[in-house]
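Numbering of the sequence shown is given in my numbering, commencing with residue 36 and proceeding in unit increments.
Yeah, the Cβ is synthetic: ideal placement off N, Cα and C, and Gly gets one too.
Computed from a predicted model, the values in this text were never measured in an experiment.
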Amino acid sequence: MGVLAEPTTGRTAEKGAGRLVGKTALVTGGSRGIGRGIAERLGREGARVAVHYGSNGSAAEETVAAIEAAGGEAFAIGQELGVPGDAAALWKAFDTAAGGDGGLDILVNNAGITSPKPFGTLAEEEYDRVFAINTKAPFFLAQLGAERLRDGGRIINVSTGLSKAALMPELIAYSMSKAALDLFTRDLSKVLGPRRITVNAVAPGIVDTDINADWLRGDDKAWAGAAALSALGGVGSPAEIADVVAFLASDDARWVTGHWIDATGGSMV
36 MGVLAEPTTG RTAEKGAGRL VGKTALVTGG SRGIGRGIAE RLGREGARVA
86 VHYGSNGSAA EETVAAIEAA GGEAFAIGQE LGVPGDAAAL WKAFDTAAGG
136 DGGLDILVNN AGITSPKPFG TLAEEEYDRV FAINTKAPFF LAQLGAERLR
186 DGGRIINVST GLSKAALMPE LIAYSMSKAA LDLFTRDLSK VLGPRRITVN
236 AVAPGIVDTD INADWLRGDD KAWAGAAALS ALGGVGSPAE IADVVAFLAS
286 DDARWVTGHW IDATGGSMV
């Protein structure tokens, strides 16, 4: 659900030693939080990673530098989402930066926003922006990206456990937008299945990121309450979500498609 400054799994990988060597990946919202964790993890697996950012170019360059420092290869591309023509503009930037044939193997639709407002006060403009970024952008990024995606590729959509349970009703628009993304995931798996492209969704629970910092960090009661939701008794980290994404991106997950993967630490049981 959010942002973390320095995600890590505590592991390093030598260049050329991972499961994704020779692959190219694009991670939207890859400069911070869960997105950064995913970008770094895919980089450690050997993928060349396009780190997308909406406005914070310096954070994206930090992520690129971290991937390169670990022996990987990455580049940053900037494009605001939730505006007309966003998907086409993002792919144009990708094609320019990627060079070569502009081909892609892994698309991770991670970028998203929340709008924590009570049902009675959420403005129409805010509602539209949540859906434009969380639902519309992934749809058209996948649609326009399908011609770039190589056969046998991967699309991984980052959803939320809130699309299955009304645990935070103040995030009603966010939850709705991700529920639509879940349905998109299932249907798209049928559309792209003949090309052996798998499409799956990963659903985090509460994750220790900057987007949750105001209410989670520094408040022992809030942290304990969040941890109590998990069957494992803890709060998730970007690295833990990234590990699930890395599995789905690998050949090990070639027979898994159309699925919503619960990565909430057991918050849904």
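Inset, instruction - Assuming Ala181 and Leu227 form a contact by the criterion Cβ under 8 Å, report the distance between their Cβ atoms to the nearest whole angstrom. - result: By one-based count along the sequence shown, residue 181 stands at place 146. By one-based count along the sequence shown, residue 227 stands at place 192. Right, their Cβ atoms sit about 7 Å apart.
Inset, instruction - Take Glu115 as the anchor and find which of Lys127, Glu108, Gly107 has the nearest alpha-carbon. - result: For the purposes of this step, residue 115 is taken as residue 80 along the sequence shown, with counting starting at 1. Measuring C-alpha to C-alpha distances from Glu115 to each of Lys127, Glu108, Gly107 identifies Lys127 as the nearest.
Legend entry - Those runs of the beta strand (DSSP E) which lie wholly inside the region 178 to 234 and span at least 3 residues: For the region 178 to 234, the full-length beta strand (DSSP E) segments reaching 3 residues or more read 184 to 193 along the chain.
Inset, instruction - Could you spell out the range, first to last residue, of the alpha helix (DSSP H) harbouring Ile102? - result: To locate residue 102, count along the sequence shown from 1; it is residue 67. Per DSSP, Ile102 is one residue of the alpha helix (DSSP H) stretching across 92 to 104.
Legend entry - Cβ-based neighbour list, Met203, same chain, cut-off 7 Å, excluding 5 preceding and 5 following: By one-based count along the sequence shown, residue 203 stands at place 168. Hits under 7 Å: Leu197.
Inset, instruction - Just mark Pro273 as buried or exposed, buried being the case when its beta carbon has 16 or more other beta carbons within 10 Å. - result: Walking along the sequence shown from the start, residue 273 turns up at place 238. Answer is buried; the Cβ neighbour count reaches 16.
Inset, instruction - Starting from Arg79, trace the alpha helix (DSSP H) both ways and give me its first and last residue. - result: Counting from 1 along the sequence shown, the entry for residue 79 is found at position 44. First-last of the alpha helix (DSSP H) with Arg79: 68 to 79.
Inset, instruction - Over the uninterrupted alpha helix (DSSP H) stretch that includes Gly260, give me the two end residues. - result: For this step, residue 260 is matched to residue 225 along the sequence shown. Looking at the DSSP string, the run of the alpha helix (DSSP H) that includes Gly260 is 255 to 264.
Inset, instruction - Could you tell me whether the region 288 to 304 touches the region 87 to 100, where touching means 3 or more Cβ pairs closer than 8 Å? - result: They do not touch, by the three-pair rule.
Inset, instruction - Within the same chain, show all residues whose beta-carbon is closer than 7 Å to that of Ala214, passing over the 5 residues directly before and after it, in chain order. - result: Counting from 1 along the sequence shown, the entry for residue 214 is found at position 179. The beta carbon of Ala214 sits closer than 7 Å to those of Ser198, all from its chain and outside the five residues before and after it, given in chain order.
Legend entry - Extent of the continuous beta strand (DSSP E) to which Leu142 belongs: Position 107 of the sequence shown, counted from the first residue, corresponds to residue 142. Element bounds for Leu142: 139 to 144.
Legend entry - Given Gly68 as reference, the closest of Ala60, Ile148, Asp163 once Cα atoms are compared: Here residue 68 is taken as the residue at index 33 of the sequence shown, counted from 1. With distances taken between CA atoms, Gly68 lies nearest to Ile148 out of Ala60, Ile148, Asp163.
Inset, instruction - Along the beta strand (DSSP E) that carries Glu108, what are the first and last residues, could you check? - result: In the sequence shown, counting from the first residue as 1, residue 108 sits at position 73. 108 to 113 is the span of the beta strand (DSSP E), which, as asked, contains Glu108.
Inset, instruction - In the DSSP assignment, find the alpha helix (DSSP H) that holds Ala284 and state where it starts and stops. - result: For the purposes of this step, residue 284 is taken as the residue at position 249 of the sequence shown. That run of the alpha helix (DSSP H) goes 273 to 284.
Inset, instruction - Count the C-beta pairs between the region 149 to 165 and the region 82 to 91 that are closer than 8 Å, then say yes if the count reaches three, no if not. - result: With the rule of 3 Cβ pairs closer than 8 Å, the region 149 to 165 does not count as touching the region 82 to 91.
Legend entry - Own chain, CB closer than 7 Å to Ala123, minus 5 neighbours either side, in chain order: The sequence position of residue 123 within the sequence shown is 88, counting from 1. Excluding sequence neighbours, Ala123 sits near Leu179.
Inset, instruction - Label Val84 either buried or exposed according to how many other C-beta atoms from any shown protein chain fall within 10 Å of its C-beta, with 16 as the threshold for buried. - result: Taking the sequence shown and counting its residues from 1, the one referred to as residue 84 is at position 49. Val84 should be labelled buried.
Inset, instruction - Kindly indicate the opening and closing residues of the alpha helix (DSSP H) around Asp243. - result: Indexing the sequence shown from 1 puts residue 243 at position 208. Segment: none, Asp243 is in no alpha helix (DSSP H) and carries neither H nor E.
Inset, instruction - For the beta strand (DSSP E) containing Ala86, list its first residue and its last residue. - result: For the purposes of this step, residue 86 is taken as the residue at position 51 of the sequence shown. The identity of residue 86 in the sequence shown is Val, whereas the question assumes Ala. Counting along the chain, the beta strand (DSSP E) containing Val86 begins and ends at 83 to 88.
Inset, instruction - Measure the C-alpha to C-alpha separation of Ala244 and Ile112 and round it to an integer number of angstroms. - result: On the sequence shown, position 209 is the one that residue 244 refers to. On the sequence shown, position 77 is the one that residue 112 refers to. As written in the sequence, residue 244 is Thr, which differs from the Ala given in the question. Going from the Cα of Thr244 to the Cα of Ile112 covers about 22 Å.
Legend entry - Trp295, DSSP secondary structure in three states: Along the sequence shown, one-based indexing puts residue 295 at 260. DSSP places Trp295 in strand when its eight states are reduced to three.
Inset, instruction - Go through its chain and collect everything with a Cβ distance to Thr59's Cβ below 6 Å, but skip five positions before and after it. - result: As a position in the sequence shown, residue 59 is number 24, starting the count at 1. Take Thr59, set aside five residues on each side of it, and the residues of its chain with a beta-carbon closer than 6 Å to its own are Arg83, Leu139, Asp140, in chain order.
Inset, instruction - Tell me whether the beta-carbon of Ser194 lies closer than 8 Å to the beta-carbon of Gly293. - result: By 1-based counting over the sequence shown, the position of residue 194 is 159. By 1-based counting over the sequence shown, the position of residue 293 is 258. Taking 8 Å as the cut-off, the beta carbon of Ser194 is found no closer than this to the beta carbon of Gly293.
Legend entry - Of the residues Lys171, Glu159, Glu160, the one placed nearest Asn145, counting alpha carbons only: Walking along the sequence shown from the start, residue 145 turns up at place 110. Asn145 has its Cα closest to that of Lys171, out of Lys171, Glu159, Glu160.
Inset, instruction - Please say whether Gly240 and Thr299 have beta carbons closer to each other than 8 Å? - result: Counting from one through the sequence shown, the residue named residue 299 turns up at place 264. Counting from one through the sequence shown, the residue named residue 240 turns up at place 205. Less than 8 Å divides the Cβ of Thr299 from the Cβ of Gly240.
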